[in-house]
Amino acid sequence: MLPLISHWLTQLVIGTSLLLITVFVLLQINRYLQQQLKTQKSLVTRINRALPQTQCGQCGHPGCLPYARSISLGEASNKCPPGGLETILELADLLNEPVRGLDPAHGQFRDFSVAVIREDECIGCTKCIQACPVDAILGGPKLMHTVIAPECTGCDLCVEPCPVDCIDMINHTAPSISHTTISHTTPLYFNTRKLLGASS
Amino acid sequence: MSALKQLASRFFGGNTVFARRTVGGIQPLPFKEHSLRSRIMSTPIPQQLTIPIGAEESGQISLLVGIGDQVRKYQRLAVISLHTDGRSDVPVHAPTSGVITSIENSIVADHSEQQQRCIGLAVDGHDEALQLEPHSDYSQLPSTDIVSLIRDAGIIGMGGAGFPAADKLSKCGDSAPEFLIINAAECEPYITADEALLRERAGKVVAGAKILKRASAAQRYIIAIEDTKPDAIAALQQALQDDTSPETPCELVLIPSKYPAGSERQLIQCVTGREIASGQHPTENGVVMHNVGTAYAVYEAIVEGKPCISRFTTLCGKALKTPKNFEALIGTAADFLFELCGIEANNKQMSIVGGSLMGNELTSDKAVICKTTNCLIAACASEIATSKPEQACIRCGFCADVCPSKLLPQQLLAFSRTTDTTQLIEHGLFDCIECGACDYVCPSHIPLVSTYKKSKKVIETRQQSLECSDYWQQRFQFRQYRIKKEKEQALSRKTDSSTKPARTAERTAKALSEAADFISKEQASRDIAAAVARVKARRDEKNK
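For the record, the sequence lines run as chains X and Z.
Residues in the first sequence are numbered from 28 upward in steps of one, following our numbering.
Residues in the second sequence are numbered from 562 upward in steps of one, following our numbering.
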């Protein structure tokens, strides 16, 4: 037995197989980790898709995507008032969690509404323009501003900074954008994702 | 089979054949005899007309008249553009002379329970008409002229879907369709408008069908009718015999009387054997279909020059003393027609627009006749099925047997209950034609169709909000990108202000090239293709 083990050929075979096994295991670990990363990424996109994209920041994050990332890392998913009950249910389903009611610290459910500027009262301070997360307000310094209604997400962020309180949130039946609005006004914006990747 | 064909041709004359291919379907009691007892009656002109233009959501409405304007019969009142390309414009004409009193939203006797923009017309009773331009020898007209005349007459599908007739014809403009099918199958209980029209004016319908054939350049044209309408078949046979033009003869196809045989896809399958795939349009399969009412309206529009200002509507139901068919002006209120039929108001339980299976309840009798109102029912209590309590699905499978779209209604029901959107779409929820055959046979009285309607609505709104959120996300990302760029620019301006003019020029060039990058290549190529097509079209027009 001993001479067989101490034979150089046997040692070579055992050594090679050990090496191969190690390499195989390492490769498997690598694959597993990559898959994990990928699922996490796709989980983020899926969570992000379930969020209403109003970019209102009521969850405490600057936008829906950061909140989606945070949810995927374990934050509670019941902090999104504009998404309504549907978003909560969808997220609970996605994350395989029990359904929890909306966290009252982050607001209450509300119907979809759109910001409307009382234009004769507007003093043209541009503060609401800077606050709008989706560039839906049009206007210049010391000139009247107006909200482009189909682009307004109803996030409320423009109401607070207005020094003369001339912005109302008015109930709207449902968010809807006509296809013509998209194609006519914003052919440029469709490649932003690609561009963002290129610039960073 | 050939023996049967021979037998059929002996009984019915040369071009008559039977078609027997049907999928699913039910055979409810027809209740058609009451309204067929009397001839079609043209309604007297009411004091007030409310002419529907269309729902505001469905298209761009441009009004051609204002409140207080005096209008004459056949005058164009408004145009609704259903598409931005201007090809699907549907004009609305004045049914009689009078003064415009209002332009507001009001209820229309229609399948889509939404309000439509309507023009109120106070009738002056003079019935002053504009001069019409008849084209009695339509065989001389090129097909594009026929299509544009049909479009100017404001004709839409009279069967119920209301798709602009000219659009259907121009859609298959590049390659001529193989079949033109005139749909005379009126399978729903109570409705007899098409049958009455064929009994009395088959000649004009056949002429209209010939015009449609000329406009669509179809190789074969077929009139499909159920075999349970002997009077209409005889009238059609007579009209086809009288027609001595040298063109390809019309074929008459008799189909079994089954509900819903008159549905577009089902009828195409029955007559031609072609099954239209989910998501495809019949014109992609070389078939174009028009209703007999449309064919009649086309005849009037071309040969007599009349725009579409009236339609044939059945009034029936046990609450009416004399149910009959009317040639009603568009914009006539439902209660005016009910009065003409001698309504017993105490007896009436419910007003229904459409047939008894696919129809909707009318919320108000003030609702007006529009171009797609084929039937109004004043139902008394004995006619309305008492709603029995819903019971659990016993998986009998009757619904799957009768489904004309070959769907699995009980599966769909289960997925609807759990709102499993992906499964619903995969199981073909959007191929459901909402015929109600499954409701009719369900032994557990489950309201299947209304469940599907709800699910469809839920999925549609969900898709719309997803579209919105995608758009908002893009806007948000673009804003962040913009802010980042502005910061960078501000920083670079600070660091090297010495070489300012040169830097500015460089920056402009850079910004320009970036802007060019913004517009995706796809968009650019699409624009180029569109421009090339436009130039080609212009050249073609010049050559003509």
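Built from N, CA and C at the ideal position, the CB exists for glycine as well.
Whole-angstrom C-beta distance between residue j and residue i, which should lie under 8 Å
i	j	result
Cys1003(Z)	Pro965(Z)	Their Cβ separation, rounded to whole angstroms, is 15 Å, which puts Cys1003(Z) and Pro965(Z) out of contact at 8 Å.
Ile661(Z)	Gly686(Z)	Wrong, their Cβ atoms sit about 16 Å apart, outside the cutoff.
His1006(Z)	Glu951(Z)	6 Å
Pro970(Z)	Cys957(Z)	Actually they are not in contact, since the Cβ atoms of Pro970(Z) and Cys957(Z) sit about 11 Å apart, beyond 8 Å.
Ile870(Z)	Pro656(Z)	4 Å
Tyr751(Z)	Gln588(Z)	About 15 Å; that fails the 8 Å criterion.
Ile1089(Z)	Ala862(Z)	Actually they are not in contact, since the Cβ atoms of Ile1089(Z) and Ala862(Z) sit about 39 Å apart, beyond 8 Å.
Buried or exposed by the 16-neighbour rule on C-beta atoms within 10 Å, applied to residue i
i	result
Phe897(Z)	buried
Glu749(Z)	buried
Ser596(Z)	buried
Phe873(Z)	buried
Val191(X)	exposed
Lys967(Z)	exposed
Ala1091(Z)	exposed
Leu29(X)	exposed
Gln813(Z)	Reading the sequence as shown, one finds Leu at residue 813(Z) and not Gln. Buried, by the Cβ-count rule.
Lys634(Z)	buried
His206(X)	For His206(X), the predicted structure reports a pLDDT of 40, less than 50, and the residue's modelled location is therefore unreliable. A value from the coordinates is still provided. Label assigned to His206(X): exposed.
Arg760(Z)	buried
Ile54(X)	The sequence given here places Leu at residue 54(X); Ile does not occur at that position. Flag for Leu54(X) reads exposed.
Gly840(Z)	exposed
His909(Z)	It is Lys, not His, that sits at residue 909(Z) in the sequence shown. Its Cβ being crowded by 16 or more others within 10 Å, Lys909(Z) is buried.
Leu45(X)	exposed
Val1010(Z)	buried
Lys1055(Z)	exposed
Asn79(X)	It should be noted that the sequence gives Pro, not Asn, for residue 79(X). Flag for Pro79(X) reads buried.
Thr66(X)	exposed
Thr753(Z)	buried
Lys885(Z)	buried
Residue from the options whose Cα sits closest to the Cα of residue i
i	options	result
Leu170(X)	Thr180(X), Asp183(X) and Glu148(X)	Glu148(X)
Leu64(X)	Leu100(X), Cys107(X) and Gly128(X)	Leu100(X)
Val161(X)	Arg1036(Z), Leu923(Z), Lys1097(Z) and Cys869(Z)	Arg1036(Z)
Ile891(Z)	Arg956(Z), Thr1069(Z), Ala670(Z) and Ile938(Z)	Ala670(Z)
Gln677(Z)	Thr611(Z), Leu702(Z), Ala722(Z) and Ala714(Z)	Thr611(Z)
Pro109(X)	Cys155(X), Asp120(X), Asp130(X) and Thr66(X)	Asp130(X)
Ala880(Z)	Gln827(Z), Ile945(Z) and Lys867(Z)	Ile945(Z)
Ile144(X)	Ile156(X), Gln135(X), Asp138(X) and Leu60(X)	Ile156(X)
Ser649(Z)	Asp713(Z), Ala690(Z) and Ile930(Z)	Asp713(Z)
Leu710(Z)	Gln631(Z), Met719(Z) and Pro695(Z)	Pro695(Z)
Arg137(X)	Leu116(X), Cys86(X), Gly111(X) and Leu184(X)	Gly111(X)
Val684(Z)	Ser917(Z), Ile717(Z) and Val632(Z)	Val632(Z)
Lys949(Z)	Asp1000(Z), Ser977(Z) and Glu922(Z)	Asp1000(Z)
Lys1017(Z)	Asp804(Z), Ile930(Z) and Leu973(Z)	Leu973(Z)
Cys179(X)	Gly681(Z), Tyr1032(Z) and Val1019(Z)	Tyr1032(Z)
Ala856(Z)	Ile837(Z), Pro725(Z), Ile930(Z) and Lys1015(Z)	Pro725(Z)
Ile668(Z)	Ala895(Z), Leu643(Z), Leu702(Z) and Ala722(Z)	Ala895(Z)
Continuous alpha helix (DSSP H) stretch holding residue i: start and end
i	result
Leu890(Z)	Careful: Leu890(Z) lies outside any alpha helix (DSSP H), inside the beta strand (DSSP E) at Lys885 to Leu890.
Asn935(Z)	Here Asn935(Z) belongs to no alpha helix (DSSP H), and DSSP marks it neither H nor E.
Gln701(Z)	Looking at the DSSP string, Gln701(Z) is not in any alpha helix (DSSP H), and its letter there is neither H nor E.
Ala142(X)	Not the alpha helix (DSSP H): Ala142(X) falls in the beta strand (DSSP E), residues Ser140 to Ile144.
Gln1046(Z)	Reading off the sequence, residue 1046(Z) comes out as Lys, not Gln. Where Lys1046(Z) is concerned, the enclosing alpha helix (DSSP H) stretches over Leu1009 to Thr1056.
Asp814(Z)	Sequence inspection shows Val at residue 814(Z); the Asp mentioned does not correspond to that position. First-last for Val814(Z): Glu812 to Ile816, but that is the beta strand (DSSP E), not the alpha helix (DSSP H).
Gly42(X)	Trp35 to Ala77
The beta strand (DSSP E) enclosing residue i, as first and last residue numbers
i	result
Val578(Z)	Thr577 to Phe579
Gln609(Z)	Gln609 to Gly615
Lys634(Z)	Here Lys634(Z) belongs to no beta strand (DSSP E), and DSSP marks it neither H nor E.
Gln677(Z)	Gln677 to Val684
Tyr782(Z)	Arg781 to Glu787
Gln910(Z)	Lys909 to Val914
Gln972(Z)	Counting along the chain, Gln972(Z) falls outside any beta strand (DSSP E), though it belongs to the alpha helix (DSSP H) covering Pro970 to Arg978.
Leu876(Z)	Ser871 to Cys877
Chain-ordered chain X contacts of residue i [CB-CB under 7 Å]
i	result
Leu991(Z)	Inspection of the sequence shows that residue 991(Z) is occupied by Phe rather than by Leu. Within chain X, no residue comes near Phe991(Z); the closest Cβ sits about 19 Å away, beyond 7 Å.
Arg1040(Z)	Pro160, Val161 and Asp162
Ser925(Z)	What Ser925(Z) touches in chain X: nothing, since even the nearest Cβ is about 22 Å away.
Ser1030(Z)	Pro79 and Gln80
Gln952(Z)	Ordered by position in chain X, no residue passes the 7 Å Cβ test against Gln952(Z), which lies about 28 Å from the chain.
Partner residues on chain Z for residue i, Cβ-Cβ distance less than 7 Å
i	result
Asp120(X)	By Cβ distance, chain Z contributes nothing, its closest Cβ being about 11 Å from Asp120(X), past 7 Å.
Gly234(X)	The structure shown does not extend to residue 234(X), since chain X is modelled only from 28 to 227, so the question has no answer here.
Where residue i meets chain X, residues with beta-carbon distance less than 9 Å
i	result
Phe1037(Z)	Gln80, Gln82, Gly90, Cys91, Leu92, Pro160, Val161, Asp162 and Thr180
Chain X residues whose Cβ lies nearer than 8 Å to that of residue i
i	result
Ser777(Z)	Near Ser777(Z) there are no residues of chain X at all, since even the closest Cβ is about 29 Å away, more than 8 Å.
Gln802(Z)	What Gln802(Z) touches in chain X: nothing, since even the nearest Cβ is about 51 Å away.
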